[in-house]
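Comments concern the structure below.
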Amino acid sequence: MRTKSFLYQLQNELWNERIKILILGFLFIFQVLSSIISIFYMEEILKLFGFEFINPAPPTGEAAFLDYFTDQLIFGLLIMSLGTMNIFSGDIENGSICYSLTRPISRTNYSIAKLVARLTALILPFVVASLIGWVYMAMMFEVFPIERLFWSLVILVLLYAYLGTVTSALSTRVSALTAGLGAIALFIVQFSLSAFKPIELLSPFTYAAIWSDFLLGSSIALDEIFLGFALIGWILVPFIISIFSIKTRDL
Amino acid sequence: MSNVVQIENLSKNYGQIRALDDVILAIPEGSIFGYLGPNGAGKTTTMKILVGLLHYTGSVKIFDQEVRYNSVEINKRIGFLPDAEMPKNDSIHRFLSMTGKMNEIFNREKRIQEVLAELGLRKLRNRKIGNLSRGQRQRVGLANALLTDPQLLILDEPNSGLDPVARVRVLSLLKDLAKDGKSIIFSSHIIGEVDKIATDIAIIHRGRIIEQGTRKDLFKRYLSHGKYVLAGKVDREKALALDYVKSCDRDSLGRYIITTPGDIPEEQLLVDLIQKAGSKIKYFSSLEFSLENLFLESINGRLMEGEYA
Ligand SMILES: Nc1ncnc2c1ncn2[C@@H]1O[C@H](COP(=O)(O)OP(=O)(O)OP(=O)(O)O)[C@@H](O)[C@H]1O
Ligand SMILES: [Mg+2]
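Sequence lines, in order, name chains A and B. If you count by our numbering, then the first sequence holds residues 795 to 1045, one letter each, in order. If you count by our numbering, then the second sequence holds residues 440 to 748, one letter each, in order.
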């Protein structure tokens, strides 16, 4: 009964996200393709319009990878915080949560269903688009070892999940606008923190960076790699806070 | 008869605002319980507590189970109509279907058809809730509450936004449900409607229950002393000094309501006595019992400065 109502809720939430999934799918594919185009074809395109384009360093797999990584991070920051800023506050403010929560479902299951559905809706299109883009790149240029691609995708997904869960946690208590802006502000602060030595540990971006260094083949101490796993903790904490916050608040 | 709902020492604060203050309520099984009170009195707050949407202090038992710990279980046997918006993007059918699935109701599609027909929504079945009129949305909310054929219905202003025909139909629907042994709690600002169907009544004002009982009880209590309404220039102090006058208050229409201990020998005598005590009476009559009078009077004695009156 409990799992059943959870599954119904999840199914319902995913259905509600269907348009988001489609739009984001196209958006991400467009974005992936555009970054491929800019890396590999820009020279030719510019030539087409009669520009003389002197590329100081011809594109390498590594450069493309880094480029892609940072592009995605900034794009994802916006998508994730804008995409989750109303996840709870929307239903709470207009009161429709009163209908959902008087059906036989616990607040915990309700929150988990919502979080899972929304995170899936935002992240799945990105994963699919990335795979499409990368397979294409790999076929065209044979520059990426496939397991490196896979792991970097995992890191990005984890970072996205972090961005989404933090915004969601805020959304359980404040308006969508405040949650969205607050989350973006927090991420910018954390992003800057990751540049400074002792406080860098307060930023999940540091852990992501450790992993990407590792993937790019820099030499990294073993304990640092383990530190990278802390990224999962950074997701779990706001996830649990969201559930707890919905559980304890008045609706 | 046992009580479906037993509320003891229920209090609720929203930050600094005390929305409910030591509420004690017992709602007998099979009753139609009319919950009255001015805007902001605490009706919605009470109902939300009953279905587990708000945290509270005190004890709230439904079907002999404490809501605080068992709200998911209890809610399976409750149909609730909140005073809130519905998910705009769902179609009516989808919305009801979700409630049906979660409650694992038997023969879901057939039951949905039934409630849709009952509330005159059959043709709108696939329309998006966001595009419906206010009254149509209210009907969807009612359909949703009725769908599981619950033992207890909790309806926050079920008739708001409905047209006159629908109002009458909903009232008779509720009456029929009570005949089948269901209990119903509903709030309303239309006293006439409460008067028509309620078997039990409570009046809440500023978070406190100020009147409560069966319709009969209230009727008896109200008439236990004589009540008269008079208009004119009344010297309140002097009138109150009379043996026959127990209380003398102005109501919101500017009239004076006088209560006497028990019945007086003759009405004219009272009029004469009050006139002699320095008042000029233009109009005098005994006050009949009506829920409306009871409501206005019990609220009126408690209005603070800056409120009506
Ligand atoms: N979420 C909230 N935050 C703060 N105060 C609230 C909240 N909800 C209700 N209140 C306050 O609690 C009191 C009771 O409100 P409630 O909604 O229960 O009144 P009501 O009897 O349903 O009124 P109405 O007849 O207007 O529907 C009011 O003073 C209201 O302002
Ligand atoms: Mg209300």
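Don't be surprised by glycine CBs; every beta carbon is placed ideally from N, CA and C.
| query | result |
| --- | --- |
| Unbroken beta strand (DSSP E) run spanning phenylalanine 625 (chain B), endpoints | 622 to 626 |
| Against chain A: residues of the segment 479 to 507 of chain B by CB proximity under 8 Å | Lys487, Val490, Gly491, Leu492, Leu493, His494 |
| Own chain residues within Cβ distance below 7 Å of proline 919 (chain A), not counting five before or after | Ile815, Leu818, Gly819, Phe822 |
| Neighbour list for glycine 889 (chain A) in chain B, Cβ cutoff strictly below 7 Å | Pro521, Ala523, Glu524 |
| Residue from A:Asn806, A:Tyr835, A:Gln803 whose Cα sits closest to the Cα of methionine 931 (chain A) | A:Tyr835 |
| Residue range of the alpha helix (DSSP H) that includes phenylalanine 800 (chain A) | 796 to 810 |
| Neighbourhood of leucine 555 (chain B) by C-beta, 7 Å cutoff - its chain only, sequence neighbours within 5 removed | Arg561, Arg564, Ala582 |
| Whether threonine 538 (chain B) touches arginine 897 (chain A) by CB criterion (9 Å) | yes |
| Residue(s) in a DSSP beta bridge with valine 668 (chain B) | B:Ile696, B:Ser724 |
| Element boundaries [beta strand (DSSP E), containing tyrosine 453 (chain B)] | 442 to 453 |
| Per DSSP, the bridge partner or partners of glutamine 504 (chain B) | B:Ile501 |
| Where glutamine 590 (chain B) sits in the DSSP three-state scheme | coil |
| Cα-Cα separation, glycine 559 (chain B) to glutamine 707 (chain B) | 55 Å |
| Min CB distance arginine 457 (chain B) to chain A below 9 Å | no |
| Those runs of the beta strand (DSSP E) which lie wholly inside the segment 537 to 596 of chain B and span at least 3 residues | 591 to 594 |
| CB contact flag (leucine 964 (chain A), glycine 976 (chain A), <9 Å) | yes |
| Nearest candidate by alpha-carbon position, reference phenylalanine 658 (chain B), set B:Gln714, B:Leu594, B:Ser718, B:Leu730 | B:Leu730 |
| Rounded C-alpha distance that separates isoleucine 446 (chain B) from leucine 712 (chain B) | 46 Å |
| Through-space distance from isoleucine 623 (chain B) to leucine 613 (chain B), alpha-carbon basis | 8 Å |
| 9 Å Cβ cutoff, glutamate 543 (chain B) in contact with chain A | yes |
| Reference lysine 715 (chain B); option with closest CA among B:Lys672, B:Ile568, B:Glu505, B:Gln590 | B:Lys672 |
| Stretch pair the segment 470 to 490 of chain B + the segment 634 to 648 of chain B: three plus CB contacts closer than 8 Å | yes |
| Distance cut-off 8 Å: lysine 482 (chain B) Cβ against heavy atoms of ligand 2 | yes |
| Simplified DSSP assignment, three categories, for lysine 685 (chain B) | coil |
| Residue-level contact to chain B via CB, leucine 804 (chain A), 9 Å cutoff | no |
| Below-9 Å beta-carbon distance, asparagine 570 (chain B) vs any chain A residue | no |
| C-beta neighbour in chain A for glutamate 744 (chain B), strict 9 Å | Low local confidence applies: a pLDDT of 49 at glutamate 744 (chain B) is under 50, so the model's placement there is unreliable, with the coordinate-based value given in what follows. It does not; no Cβ of chain A falls within 9 Å. |
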